[in-house]
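Protein chains: 4
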Amino acid sequence: MATTKLKKIAVLCSGGDAPGMNAAIRSVIRTAAYYNIESYGVMRGYTGLISGDIVKMGPRSVSNIIDKGGTIIKTARCPEFLEERYQKKAVNNLKKKDIDGLVVIGGNGSFKGAHILSSKWKVRTVGGPGTIDNDLQGTDFTVGADTAVNTALGAIDKIRDTATSLERIYIVEVMGRDSDFIPLRVALSGGAEDVLVHDTEHKIDQMCEDIKKGRRKGKISWIIVVAEGIAGGHEVGRLIREGTGFDTRVVVLGHIQRGGSPTAYDRMLASRLGAAAIEALIAGETDKMAGIKGDDTVLVPFTVAVKPGRKQEKLDREIYKIIRIMAT
Amino acid sequence: MATTKLKKIAVLCSGGDAPGMNAAIRSVIRTAAYYNIESYGVMRGYTGLISGDIVKMGPRSVSNIIDKGGTIIKTARCPEFLEERYQKKAVNNLKKKDIDGLVVIGGNGSFKGAHILSSKWKVRTVGGPGTIDNDLQGTDFTVGADTAVNTALGAIDKIRDTATSLERIYIVEVMGRDSDFIPLRVALSGGAEDVLVHDTEHKIDQMCEDIKKGRRKGKISWIIVVAEGIAGGHEVGRLIREGTGFDTRVVVLGHIQRGGSPTAYDRMLASRLGAAAIEALIAGETDKMAGIKGDDTVLVPFTVAVKPGRKQEKLDREIYKIIRIMAT
Amino acid sequence: MATTKLKKIAVLCSGGDAPGMNAAIRSVIRTAAYYNIESYGVMRGYTGLISGDIVKMGPRSVSNIIDKGGTIIKTARCPEFLEERYQKKAVNNLKKKDIDGLVVIGGNGSFKGAHILSSKWKVRTVGGPGTIDNDLQGTDFTVGADTAVNTALGAIDKIRDTATSLERIYIVEVMGRDSDFIPLRVALSGGAEDVLVHDTEHKIDQMCEDIKKGRRKGKISWIIVVAEGIAGGHEVGRLIREGTGFDTRVVVLGHIQRGGSPTAYDRMLASRLGAAAIEALIAGETDKMAGIKGDDTVLVPFTVAVKPGRKQEKLDREIYKIIRIMAT
Amino acid sequence: MATTKLKKIAVLCSGGDAPGMNAAIRSVIRTAAYYNIESYGVMRGYTGLISGDIVKMGPRSVSNIIDKGGTIIKTARCPEFLEERYQKKAVNNLKKKDIDGLVVIGGNGSFKGAHILSSKWKVRTVGGPGTIDNDLQGTDFTVGADTAVNTALGAIDKIRDTATSLERIYIVEVMGRDSDFIPLRVALSGGAEDVLVHDTEHKIDQMCEDIKKGRRKGKISWIIVVAEGIAGGHEVGRLIREGTGFDTRVVVLGHIQRGGSPTAYDRMLASRLGAAAIEALIAGETDKMAGIKGDDTVLVPFTVAVKPGRKQEKLDREIYKIIRIMAT
């Protein structure tokens, strides 16, 4: 474990953006200033690390951004970073500026890069989980997930208004990658009649039967949430139309879910984890992500954080069960 | 012009739903009560008029709905109403309940039906413009248009967060039918770089040139608003990708734009026009829509209201010009 | 522990209202229906229990309420319920309708009544925590707290716009009773410069010194969150004005914080705890509140839930520390 | 009328801030750039004009601000500007930078200053109406008014949730100065039972009678909107409590109404008037405010714009009448 006193840190965002990244950047920069550590921002993730697009930042650079979506230092995906020659350029750029600590905010792919930097190139690196999909191990939540769920919920609430007035079947495709976090929570909190997630993908026939039975009993409108990657909202809409003979409308929420002002929870989480990341760097930690467990902040090795596999499986099953009970 | 004293009125919504329809219903029912006129609600538009699904309503039936999207008496499209035998059934259902005045809330198609009822069947009928497209003649605004623009704008604001962070081209398809009302106002207020509306449909080549030129000057993200019906957001996304070589993301807002709590303006407009419709019926008016001109409420013959053709052409041109100036 | 099979349940809300109460009612009623149990709603809390204002409800009674603030069965404070003769009337009213299970949604005071009903009168009673203050023991969160924090945050965000433009000191008084839950989380997520909570009440002098020092360094606007009950926003405004010589503006958010559409989190929590309450009643449980611990639902004796004392003290201290770090 | 070709313009905001000021600044700067005119921003209104705090701006300085409340160039009240020696300093500061056109965004007081600059000191000056109170003559709307009404409405909607659940009388004090624009529109769109505005100030006795009568008929909750400056919300609350014997709760919305992301309408208005102001300066106009009349932009002498007196009196009366009808 590195133990030299920390003098300068840099922060970068990588991968898809998530609401609350700005709050995390603000916390990183201001906590660094509090401990008399200089701060830099790396523009556009690993891309800027490679090209040397690294700018001086300070407490005033992050004024009035806690409530803003997106990230002021921008983010990007950077497949080149898997190549050693680019890693070397990145490490040299940090050395040139005497930066001895790095905070990486992002998800899965970002932490694979961060692991390379810390384990292979000995850059003291700590991560903060920033992804709407809540698919990182070792932390209860990732920054952006609560906002993304609430954003999708806002859309569902509007669709319900029109679904109830016009008597139709609405299919709403939400984001979520391999994790069912967003679709399950949106379906439960949105009062959707059903949800298509990974464990349930082959059940469209059953869904059509339910709808036909419900229609006979007088039920007139349905909202069905579909996780992207299961079948595609438009495809599900077609299958239900064919299977029931009823009209369907499809809404694909898409990138709306990545933006917007972060919720209180995401701003708090970002503020806590940004501070925890700097304090971990100061303590000489590296190759780890700062996360949340219950009321505590914890450190999790990057190699653990990026492991595949479902979190909250028991909770997901409970949520799914309640969605079905509520639809009765 | 009919002049018998009005004793009972009914209200119906027809066609696509629009935010503020509930505020209009509330105003119709409460204004009727104020003038000691009994009220009925017709469920599901002309469909309920034909089937006789007409329910007694009063001031308390419309409590706490002014802020709700959708319509508590539901709405529907009803092509059968063009057939005389169904019209006859509808008129008989009104007669059976001694209903001597009808308020129809809806758009183009709804007022064609309302014109048949008033001109051919002598049902005293006044309309209230309820459609998000603001495409009725003789009224500055229709109930729902201001809310729909603000809803689409909310989505654009979220997309801008992510567009600015990730540096991409976003294509956002908004509603609006043959009218360019929504796309032009969303593009201007959303700070979009460009907009594809009816007058501008063949300009994708020019757009690709602009983007390539902007990219050379360092510009990194674009938001382009597309009016549904021009080409389809996905089609435009494909053409721009092919024409520029840059990545595009497409968002189709769809039915989200029909729901949501109405804005202050739409609730006021709905409240004023609902009251104006009842006062017009009391005054013996029929075959007309209540609309707004400047600060005044006005009456416009249904036959005028449904005429095709652009409103606010001069304003639309000014808005388009400013969008282009702002993008420089 | 009671073990007769449950046939009919009633649900009531009591005390101050909280966003998500409707979602909880919906979950109670629909879960009961799922298990073939009849449902009743008691109007206006213990007041309606005493007067016998108890209405039949079913799955359709709770359609389209999951997103609505307030409570459709209304709530009230009912000091008379501490008198035995009123308790007897309440118990008789339940017996008359053969109601053998009761769900009470509310906070501290409500659960004291619920404890009397279950322990003294042997009414099988389970509670669901519904209060914006998150001041019940044995549950991580109470229904309404997340929404209240987000609502207050929305107001702070607007005030920051104007604070930054006009260069002033704003004092914002938020709710929270004896708990510091709301003020601490609002201050952190709102980026407030300082917060006055219970542990910090005698520090206005220090605050004035900080402001004067900041002003000398060029800082021009402050947002200071005050927990109601500490001193009163207007009083704090006066003290700071006198202590610094600078102009202050005071905003008292008040009852806005109790209303509004619940957040996704509060709707999920309400849905889970409503279902858990019915399942607990079915299992013969009584005299307990359903709560949340990590990912699990748990049962906590009413006598434990209502115990005074701080929850999350360690977390509160961490949040306070980060607020101070962020203000540097 | 001045006719020299315009080369450099400056823009300032003055007085209370209003949502949409940033959209107006953006439009001014970008329209200037479009016409190859250099732009400057004056910080803190006339204060910065006197002190020479004038910064170079360009199209990129105003990126991503169209959706932000407040004003990036800040605003202030500046009573010193009435003194000639300060005016002279201001004029010299403009001359030093060769600035030959000035856009002033603000309300009444701001335009008095602007009139002095243009008439006495021959600075080519055009104004854009930015005030939430919509109290300037010669323009249908001022930038910020639509947003302020919608913000206050959002608060009323939340209060209604709790008012309906808890059965109480809520008094909500809203902004609006001598104009009744905000209170009347908030009361109508918020479904308030009554409103206290300037023409109606001595009617609290009547209000108490209405409430007592309503309570006898079973009505249980009231929302009453009060215009600030009529009596003060707390005072009205006390009078109604004494006059009816019923409990009241008072909410004073205060400065929340000045902030927040501007509505689509305010962003459009700001964009149009910002462009119109620059085009007016180019055309050699001075001593005038750009305003809106129906679909057209117009120019109004500052001396006319600041005249006291009610606008939309007829509309105000209609709105008041409908509020009363809706409350029946």
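Residue numbers (our numbering), protein chains in the order written: chain U, 21 to 348; chain W, 21 to 348; chain P, 21 to 348; chain A, 21 to 348.
Every residue gets a Cβ at the ideal spot worked out from N, C-alpha and C, and that includes glycine.
Within chain U, the residues that residue i reaches when beta carbons sit closer than 8 Å
i: S185 of chain P; result: Going along chain U, no residue has its Cβ under 8 Å from S185 of chain P, so there is no contact; the nearest lies around 11 Å.
i: M288 of chain P; result: R205, L208, S209, I339
i: D230 of chain P; result: Residues of chain U passing the Cβ test: none, with the nearest at roughly 15 Å.
Where residue i meets chain P, residues with beta-carbon distance less than 7 Å
i: I276 of chain A; result: A175, K178, I179, V271
i: G314 of chain U; result: G314
i: D200 of chain U; result: Residues of chain P passing the Cβ test: none, with the nearest at roughly 14 Å.
Under 8 Å from the C-beta of residue i: neighbouring residues of chain C
i: D37 of chain A; result: This model lacks chain C altogether; the protein chains it does include are U, W, P and A.
Closer than 7 Å to chain W by CB, residue i
i: G280 of chain A; result: no
i: M346 of chain A; result: yes
Any C-beta of chain P under 7 Å from that of residue i
i: K237 of chain A; result: no
i: T91 of chain A; result: yes
i: S81 of chain U; result: no
i: M41 of chain U; result: no
i: A247 of chain U; result: no
i: I86 of chain U; result: yes
Contacts that residue i makes with chain W (C-beta to C-beta distance below 8 Å)
i: K94 of chain U; result: T184, S185, L186, E187
Whole-angstrom distance between residue j and residue i, CA atom to CA atom
i: I302 of chain P; j: L26 of chain P; result: 6 Å
i: A22 of chain A; j: I224 of chain W; result: Confidence in A22 of chain A is poor, its pLDDT being 47 and thus under 50, which makes the residue's placement unreliable; the coordinate value appears in the next sentence. Taking the straight line joining both Cα atoms gives about 42 Å.
i: T283 of chain A; j: R261 of chain W; result: 32 Å
i: V62 of chain W; j: V31 of chain W; result: 6 Å
i: G355 of chain P; j: G211 of chain A; result: Since the first residue shown for chain P is 21 and the last is 348, residue 355 of chain P is missing from the structure and cannot be characterised.
i: L335 of chain P; j: G65 of chain W; result: 56 Å
i: D267 of chain U; j: W242 of chain U; result: 11 Å
i: D87 of chain A; j: R287 of chain A; result: 8 Å
i: V192 of chain W; j: V246 of chain W; result: 6 Å
Three-state secondary structure (DSSP) of residue i
i: K214 of chain P; result: Before going on, a small fix: residue 214 of chain P reads as Asp here, not Lys. D214 of chain P: strand per DSSP, three-state reduction.
i: A300 of chain P; result: helix
i: R330 of chain A; result: coil
i: C33 of chain A; result: strand
i: S59 of chain W; result: strand
i: M195 of chain A; result: coil
i: V169 of chain A; result: helix
i: R97 of chain U; result: coil
i: R64 of chain W; result: coil
Chain A contact for residue i (CB, 7 Å cutoff)
i: G147 of chain W; result: no
i: D153 of chain W; result: no
i: I12 of chain W; result: Because chain W here runs from 21 to 348, residue 12 of chain W falls outside it and cannot be looked at.
i: Y54 of chain W; result: yes
i: S291 of chain W; result: yes
i: Q332 of chain W; result: yes
i: A295 of chain W; result: yes
Min CB distance residue i to chain U below 7 Å
i: G211 of chain P; result: yes
i: T51 of chain P; result: yes
i: Y66 of chain P; result: no
i: V48 of chain P; result: no
i: L335 of chain P; result: yes
Amino acids of chain A, ordered along the chain, whose beta-carbon sits closer than 8 Å to that of residue i
i: Y190 of chain W; result: Those do not exist, as Y190 of chain W stays about 14 Å from chain A at its closest Cβ, beyond 8 Å.
Cross-chain neighbours of residue i in chain U, by beta carbon under 7 Å
i: V169 of chain P; result: A284
*Below 8 Å, can you find three or more Cβ-Cβ pairs linking the segment 121-139 of chain W to the segment 236-256 of chain W?*
no
_Counting beta carbon pairs with one atom in the segment 107-114 of chain P and one in the segment 65-77 of chain P, are three or more of them shorter than 8 Å?_
yes
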